[in-house]
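Residue numbers (this note's numbering), protein chains in the order written: chain A, 30 to 347; chain B, 23 to 588.
First the structure, in the form of structure tokens, and then the observations on it.
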Amino acid sequence: MRYVGRRLLYLIPTLLLVSIIIFWLMRVLPGDVATLILIGPDGNNIPTAEQIAKLNKELGLDRPLLVQYADWLFGVLTLDAGDSLWTGEPVFTELFRRLPLTLELGLMSTAISTALAIPIGILAAVKRGTMADYTVRTFAVVGLSMPSFWAGILIILMLVKYFGWIPPLGYKGPLESPSANFQQLIWPALALGYSNAALVSRLVRSSLLEVMREDYVRTARSKGLKESAVVMRHALKNSMLPVITVIGLGIAGIVGGTVVMETVFSLPGVGRFMVDAINHRDYPVVQTLTFVFAIIYALTNLAVDISYGFLDPRIRLE
Amino acid sequence: MSEGNYWAGGNRVSRRAVLRGAAWGGVGLAASALIGCSSKTDSKGAAPGANAPSGTTAAAAVQGKSGGRLARAISNDPDTLDLHSSETSATMTPAAPLYNNLVQFDPMKVGDTPADIIPDLATSWEVAPDGMTYTFKLVQNAKFHDGTPFTSADVKASIERQQKPPDDLKIAPRSGMLQVIKSVETPDPYTVRLLTKQPASPLSMLPMMGQGWMAIYSKKDIEAKFDYKAKGNGTGPFREIKINRGSNTTLQKNKEYHVKGRPFLDGLDLFNMPQESARDAALQAGQLHIGSANPATLGPLKSALGDKANYFERPDLVFDMLSFNTTKAPWKDERVRLAFARAINRDDAIKVVMKGAGIAGGYMRSGGGWDVPLADIRKVPGYEPFGANTIADSKKLLMAAGVPEGFKVPLLIRQTVSENQGLFAADQLAKIGVTVTQDVQQSAVAYQRLNKGEFDLVVFGLTTALDDPDAVYSQYHLQDAPGNYTKLSTPQLEELFKKQTVELDPAKRKDLVRQMELTALPLLAKVVFYWKVSNAIAHKSVKSWTLHARTGDYNNSRFQDVWLDA
């Protein structure tokens with residue numbers, strides 16, 4: 030518990046640093062939100078310097094940077110990060126509205142990739158040098174080389190070309206319409222899951238092969254255990270440490286992974302919220318989302334570290 | 023019918039009658055004559071639409087079927103639903119169905135010309151002989167969605183809100199245009215009178231009032247600071263707008279709409295789909311009724327949809343161009359600008375950049391009625407046909423101006439919007455020995471640089487809401503025009519603008535506009551590559567809908583008469 034407490038304390042300076050960096054980065058990027066709002070999404074308006082200055086004042090962007098930063102940080106800590114400069118809607122309201130979709134998509138893709146990667150990774154390791162191994166390795170190389178957004182586009186085009194069908198438009202929540210929700214999320218989850226599965230299956234294979242060379246595995250075999258028992262009961266658990274790390278980081282990176290997929294499949298998740306906000310220089314949104322992502326990332330990392338202790342009792346967290 | 027015949031015909035009726043009804047088709051006729059169309063029916067100076075019931079259109083003749091929801095795609099959620107404070111289709115598409123104007127462009131006419139103006143909340147109108155008083159008679163049965171009856175006070179409040187924007191309006195793009203109106207009078211609840219500061223041609227006034235942005239809001243709401251950014255309350259055919267950000271926007275049928283039997287549709291569904299390939303797939307799968315296409319996607323979509331869809335192609339109100347910062351050397355030297363202008367092979371630009379979907383022209387839209395014939399534009403120095411000696415002649419001009427071979431120049435380019443055009447310009451200028459450094463910037467940065475004059479050369483697309491000389495020149499070409507980043511103009515050009523803007527005789531005005539074009543183009547403040555052509559695709563089940571010249575749905579987003587033959 031002391032270890033966990035200490036790790037949580039370390040988070041404070043880390044997150045402060047993250048908040049300062051993202052605040053600074055957003056301000057040094059060329060182009061400002063007032064100009065973007067005034068020219069509009071089509072870029073048709075011609076804003077004058079006076080209009081830009083007036084809007085900057087209205088948005089509070091003419092205040093000293095330190096005041097803006099303190100104001101925002103206090104807001105985030107009190108769950109009131111202000112309103113989007115673009116839409117005028119509260120940042121947290123929009124975030125909480127979109128978060129379930131992104132989590133659902135992320136968890137679906139993680140479930141698909143894990144369910145796929147572990148068995149085929151084991152198969153490739155156990156059947157090393159056979160056709161099964163080569164097939165799995167080819168599957169992995171293709172998955173690693175192909176950007177997931179491209180896989181997503183291919184899926185859409187394939188669905189419309191061969192079935193004259195695409196998932197229903199307009200996002201439906203899992204409680205509102207479970208069937209429509211499943212149809213909308215399964216395809217991007219497959220595209221994302223395939224990409225992740227490619228990485229994880231390679232890792233499972235190499236990690237398991239390494240463990241299979243250990244003395245205790247040889248001992249298990251010499252005791253006359255069946256090969257399946259050797260692999261599943263003795264080798265697999267110990268080969269999972271790096272795999273858990275990658276899966277854990279994958280979960281932490283759900284938002285990053287879904288950014289493009291949410292755009293390709295027109296899903297209103299947090300990833301798209303972030304991309305739109307960056308494009309619009311919507312400072313409160315970008316800063317808040319980044320801050321929240323940093324917290325999620327740090328906590329997931331911590332959870333992964335803690336899980337090591339359960340998987341391998343030799344690891345002492347202290 | 024020629025313009026001369028028209029005005030001879032006009033002389034047979036009183037001048038007041040000729041000026042009546044903008045519309046009258048009169049103006050329509052004038053515009054028709056201007057654009058080379060003619061109609062004997064119009065020659066009497068009758069006012070098409072003047073006696074028509076409010077809100078009816080050419081599409082009204084069609085007996086449509088009620089029911090169904092029309093699905094379209096949008097690529098952005100609106101940052102505001104306030105039509106008075108916007109100039110983007112992201113606002114227009116969801117907000118236009120909520121409102122009516124005084125007058126409107128006929129949804130079934132494609133040109134968006136003055137001849138296409140028909141009634142909306144105004145049932146008829148008269149223009150005084152001096153062009154300084156416009157009197158509109160209004161419908162008496164329209165109500166706002168909250169039940170408030172519509173009256174002339176709402177028209178006055180709406181025009182004044184755009185003309186003299188309150189502090190809470192971020193921008194008011196029509197404010198400058200509306201300065202021509204001195205005051206708005208409301209002699210009775212169903213009559214409104216616009217008094218202008220100077221003679222104002224119906225050829226400009228009525229299209230200005232007919233553009234989609236001129237929505238009529240409720241005076242009560244305006245005074246109560248209604249949240250137009252997030253909500254809507256108009257007299258339009260659809261109501262109850264609901265935006266699910268990132269997903270879809272829905273509107274429901276206004277069952278108490280003042281035009282009997284309209285709208286046909288039960289509602290509109292606008293799906294937020296930023297990815298073009300996803301939009302195209304949804305169109306092919308029949309989940310979207312209407313979609314757009316670009317030169318690259320049109321062919322595949324046609325192959326996929328075949329005769330299941332109707333295909334539309336219109337010249338758009340957008341042109342791409344190269345511009346110079348004439349406050350700096352060497353761009354002050356007209357020989358340099360001329361050499362650069364000549365180096366651009368416009369035929370190749372249309373072929374290469376637009377894959378054929380472009381039209382050569384000047385500052386007024388090609389084929390729009392106000393344009394100078396292409397043969398005359400071809401005689402303007404810098405716009406001559408590209409020939410065997412063009413490159414050599416351009417090099418000589420540069421040499422004479424002291425610009426050395428291998429001259430290096432940065433070219434400001436708007437990211438994603440003008441990158442292809444920038445590549446093309448760099449290639450063309452390389453042929454006259456100019457080395458272009460491509461300076462690709464996001465829109466916000468590009469605008470900042472342009473506003474501050476921090477550029478040498480820029481490739482840009484210019485867009486106008488109206489094909490109208492007042493609108494186009496005051497926005498882009500006059501000395502103080504906000505979009506004239508070069509600040510290049512001449513007293514002669516400014517004078518011609520002033521003359522044409524108060525000229526009420528369509529033929530004389532057209533001649534003045536022609537002179538204005540032929541004065542502005544040789545300055546080479548901007549070198550026009552081409553005018554763009556836009557495409558749209560609609561499933562055959564969609565009836566009474568067409569693509570307008572001004573795409574982006576600026577003047578055709580209400581869907582009052584559209585129906586689905588499912």
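Ideal placement from N, C-alpha and C gives every residue a C-beta, glycine not left out.
- Under the Cβ criterion of 8 Å, N294/B is counted among the residues facing chain A.
- Nearest to Q316/A by alpha-carbon distance, out of A227/A, R31/A and R56/A, is R56/A.
- Shown here, G283/B sits in coil according to DSSP, grouped into three states, outside any helix or strand.
- Under a 10 Å Cβ-count criterion, Y163/A is classified as exposed, with fewer than 16 other Cβ atoms of the shown protein chains found around its own Cβ.
- The straight-line gap separating the alpha-carbon atoms of G338/A and N225/A is approximately 25 Å.
- Linking K241/B to D189/B through their CA atoms gives a straight-line distance of about 17 Å.
- Interface with chain A (8 Å Cβ-Cβ cutoff): D291/B is included.
- The stretch 220-277 of chain A contains, as complete alpha helix (DSSP H) runs of 4+ residues, the segments 244-251 (chain order).
- Within 7 Å of the CB of Y469/B, the CB atoms of chain A belong to T64, I68 and P76, in sequence order along the chain.
- Per the C-alpha coordinates, the member of W194/A, Q213/A, F192/A and K190/A positioned closest to K201/A is Q213/A.
- The Cβ atoms of K474/B and M343/B lie no closer than 8 Å to each other.
- A direct Cα-Cα distance of roughly 17 Å separates F168/A from S138/A.
- The criterion of a C-beta distance shorter than 8 Å is satisfied by T329/A and G277/A.
- Positions of the alpha helix (DSSP H) runs, each at least 4 residues long and wholly inside the stretch 127-197 of chain A, are given as 160-174 and 177-192 in order along the chain.
- Just measuring C-alpha positions, the residue of P296/B, D533/B, V206/B and Q274/B sitting nearest S97/B is P296/B.
- Residue environment analysis places G321/B among the exposed positions, since fewer than 16 neighbouring C-beta atoms fall within 10 angstroms of its C-beta.
- Shown here, A423/B sits in coil according to DSSP, grouped into three states, outside any helix or strand.
- Look at T115/B here: in three-state DSSP terms it is helix.
- For D342/B, the uninterrupted beta strand (DSSP E) run begins and ends at A331 to F346, by DSSP.
- When beta bridges are read from the DSSP output, Q274/B appears opposite R261/B and G289/B.
- With fewer than 16 other beta carbons inside 10 angstroms of its own, D168/B counts as exposed.
- Residues of the stretch 530-561 of chain B with a Cβ closer than 9 Å to any Cβ of chain A: none.
- Close CB contacts of Y507/B within its chain, under the 8 Å cut and outside five residues either way in sequence, are with S345, N347, L472, N473, G475, F477 and V480 (chain order).
- Considering only S563/B, G409/B, G391/B and D489/B, the residue with the shortest C-alpha distance to A529/B is G391/B.
- Residue environment: S556/B is assigned as buried (16 or more neighbouring CB atoms within 10 Å of its CB, all protein chains considered).
- Setting aside the 5 residues that flank it on each side, E525/B is surrounded in the same chain by S223, R531 and L534, each with a C-beta closer than 7 Å to its C-beta; the list follows chain order.
- Across the structure, L237/A and L265/A are spaced so that their CA atoms are roughly 6 Å apart.
- Counted as a single uninterrupted DSSP element, the alpha helix (DSSP H) harbouring D243/B occupies residues K241 to E245.
- Counting only the Cα atoms, G222/A lies some 44 Å from S107/B.
- Chain order gives the chain B residues near P59/A as Q463, Q464, A466, V467 and Q470, where near means a beta carbon separation below 9 Å.
- The stretch 114-133 of chain A makes no contact with the stretch 182-198 of chain A; the number of CB pairs closer than 8 Å stays below 3.
- Of all residues in the stretch 195-220 of chain A, the ones placed with a Cβ closer than 8 Å to any Cβ belonging to chain B are I195, P197, L198, G199 and Y200, in chain order.
- Counting C-beta pairs closer than 8 Å gives fewer than three between the stretch 166-186 of chain A and the stretch 239-246 of chain A, which falls short of the contact rule.
- Against chain B, a Cβ distance below 8 Å from P297/A picks out N266, R267, G268, S269 and N294.
- Proximity of chain B to R310/A at the Cβ level (cut-off 8 Å) is accounted for by A466, in chain order.
- Counting the other Cβ atoms within 10 Å of the Cβ of L95/A gives fewer than 16, which makes it exposed.
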